[in-house]
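Peer 1:
There are 2 protein chains.
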Amino acid sequence: MPKVTEEYRVSKRAEITSAAMRAFRRKGFHATSMADIITESGLSAGAIYGHFGGKNDIVLEVASRVIDARIGKVEELSSARPLPAPAELLRLLASGLAHDLGRPAMLVQLWGEAVTEPALRALWGLLVGRLRAAYCSYLSLWHQSEHGATVADADRLAAEQVVLFLSCAQGYILQSALVTEFDGEAFLRSMELHLPR
Amino acid sequence: MPKVTEEYRVSKRAEITSAAMRAFRRKGFHATSMADIITESGLSAGAIYGHFGGKNDIVLEVASRVIDARIGKVEELSSARPLPAPAELLRLLASGLAHDLGRPAMLVQLWGEAVTEPALRALWGLLVGRLRAAYCSYLSLWHQSEHGATVADADRLAAEQVVLFLSCAQGYILQSALVTEFDGEAFLRSMELHLPR
DNA sequence: GTCTATACCAGGATAGAC
DNA sequence: GTCTATCCTGGTATAGAC
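Protein sequences appear in the order of chains A and B.
Residue 1 is where the first sequence starts when you use the working numbering, and the numbers rise one by one after that.
Residue 1001 is where the second sequence starts when you use the working numbering, and the numbers rise one by one after that.
(1) When DSSP labels each residue in this structure, what does Thr1005(B) get in the three-state scheme?
(2) Within the region 18–47 of chain A, note down every full alpha helix (DSSP H) run reaching 4 residues or more, in order along the chain.
(3) Can you list the residues of chain B that Tyr8(A) reaches, using a CB-CB cut of under 9 Å?
(4) Nearest to Tyr1049(B) by alpha carbon, out of Arg1009(B), Trp1111(B), Ala1122(B), Gln1161(B)?
(5) At what residues does the alpha helix (DSSP H) containing Asp153(A) begin and finish?
(6) Taking only beta carbons into account, state which residues of the region 1014–1044 of chain B come closer than 7 Å to chain A, listed in chain order.
(7) Between Glu1075(B) and Pro118(A), what straight-line distance do the alpha-carbon atoms span, to the nearest angstrom?
(8) For Lys1027(B) and Met1106(B), I'd like the C-alpha separation in whole angstroms.
(9) Would you verify that the beta carbon of Gln144(A) is, or is not, closer than 8 Å to some beta carbon of chain B?
(10) Okay, do the region 1052–1064 of chain B and the region 1110–1130 of chain B touch, 3+ Cβ pairs below 8 Å being the bar?
(11) Thinking C-beta only, is Glu1040(B) closer than 8 Å to Ala1023(B)?
(12) By Cβ distance below 8 Å, which residues in the same chain neighbour Leu166(A) in space, the five residues on each side in sequence not counted?
(13) Go ahead and pull the three-state DSSP assignment for Val1115(B).
(14) Could you tell me if Arg70(A) is buried or exposed, where buried requires 16 or more neighbouring beta carbons within 10 angstroms of its beta carbon?
(15) Note down, in chain order, each residue of its chain lying with its Cβ closer than 7 Å to the Cβ of Trp1142(B), except the 5 sequence neighbours on either side.
(16) Using a Cβ-Cβ cut-off of 7 Å (strictly less than) and excluding sequence neighbours within five positions of Ser137(A), which residues of its own chain qualify?
(17) Could you list the residues in the region 1045–1068 of chain B with a C-beta less than 7 Å from some C-beta on chain A, going in chain order?
(18) Any C-beta of chain A within less than 7 Å: which residues of the region 1142–1168 of chain B qualify?
(19) Just to check my reading of the structure: Ala1149(B) and Leu1157(B) have Cβ atoms closer than 8 Å, yes? What is that Cβ distance to the nearest angstrom?
(20) Taking its Cβ as the centre, do 16 or more other Cβ atoms sit within 10 Å of Ala80(A), making it buried, or is it exposed?
(21) Let's test the definition: count the other Cβ atoms within 10 Å of the Cβ of Gly1102(B) and tell me whether it reaches 16, buried, or not, exposed.
(22) List, in chain order, every chain B residue whose beta-carbon is nearer than 7 Å to that of His194(A).
(23) Could you tell me if Ser11(A) is buried or exposed, where buried requires 16 or more neighbouring beta carbons within 10 angstroms of its beta carbon?
(24) Please go through the same chain and pick out, in chain order, the residues whose beta-carbon is closer than 8 Å to the beta-carbon of Phe52(A), but skip the five residues on each side of it.
(25) Let me check understanding here. Comparing Cα to Cα, which of Ala1098(B), Val1179(B), Tyr1172(B) lies closest to Ser1190(B)?
(26) What is the residue span of the alpha helix (DSSP H) that Leu195(A) lies within?
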């Protein structure tokens, strides 16, 4: 295969994915039809089906992008000095998410979809596993640097606490998607006060 | 209107709602079609549309039932003595939910749906508001009885913390619906260790 | 690779008899 | 109130020309 063709293919997929994200962001996930994606991309049905197997395929790509960005952020912040505090990390994740998606309604719809779509569910499991691992090593570093814990103690604490932090991130996403008068700042302040430090 | 007719109407609605819940529990929410509900109920399309405006209507009823049961549980446990600890309350809610729904996949799909269905979203907002209020007064009682806090202090603490507890409940639901090898016990133990007490 | 046009299907809802 | 049969819409995916 000639290299130009491969590059072209990749960039075309990215272009379509971006268009889909814009559409999803505007109308939500279920309400967006292939016709919407076609319009938004400026391409045609045929062109899109030449690059993706179908709507499901596109969704997988979009999900990867969004969650990958979060994993990248946690990893990046893990090597920042001074290390941000746990609640501060949540705040930074939230603002990155808001920047990418506006209201993260799309993610909530993605969860709903993953319940019945095996491929999406598998992908989600994989990505959240990686996110958890990244969060876990961040937490371990935090306990070492902030409280001078031994590596073993820090790892154990991190493993226990990571599920709590993930839940808070998920709760934040859910509530900001569904509660009309959601007060993100109040939520994050509450995390600062009452999450383990 | 004659009383028998009204009673009949109510019991018929309940019968249909139960059938719908069984179907949802088995196949998930989106994958369940009206045809499935019709089969499961042993009734006909006409009969069902005589009692509900459509699928959406049925969903609203189901959602009410499920969340109402949770609210009732929190209120009931608030007057139990000795008052269960916060993490214990979560454990009891989780087991009640498992009893009603098995894997609470249906709830996650409901969230996804609520993003785009205004009626469902409004209902969800209302119900979660009530759940939050119930949880809040429970937490206040807890701080008073366990730590001898003044009413004012207990109320303030409760208001700050309630969002954290709700997030944990939501995280539990999400993860138990989507993570194949989800370990509910480990999750709850982690809550016991690291949530405020 | 991409376009237009269209086949095809699932599923929610209704009509009309009883 | 309930049944059967059927309509109709919205939406995915494909066929075939360029």
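By construction, the Cβ of each residue, glycine as well, lies at the ideal position given by its N, Cα and C atoms.
As the structure is a prediction and not an experimental result, all values here were calculated from the model.
Peer 2: Reading from the atomic positions:
(1) helix
(2) 34–41
(3) Neighbours of Tyr8(A) on chain B: none; closest Cβ ~35 Å, over 9 Å.
(4) Arg1009(B)
(5) 151–178
(6) Gly1028, His1030, Ala1031
(7) 37 Å
(8) 9 Å
(9) no
(10) yes
(11) yes
(12) Val128, Leu131, Arg132, Tyr135
(13) coil
(14) buried
(15) Leu1083, Pro1086
(16) Ser78
(17) none
(18) Glu1160, Gln1161, Val1163, Leu1164, Leu1166, Ser1167, Cys1168
(19) 7 Å
(20) exposed
(21) exposed
(22) Glu1160, Gln1161, Leu1164, Pro1196
(23) exposed
(24) Arg13, Ile16, Ile58, Glu61
(25) Tyr1172(B)
(26) First-last for Leu195(A): undefined, no H or E at that position.
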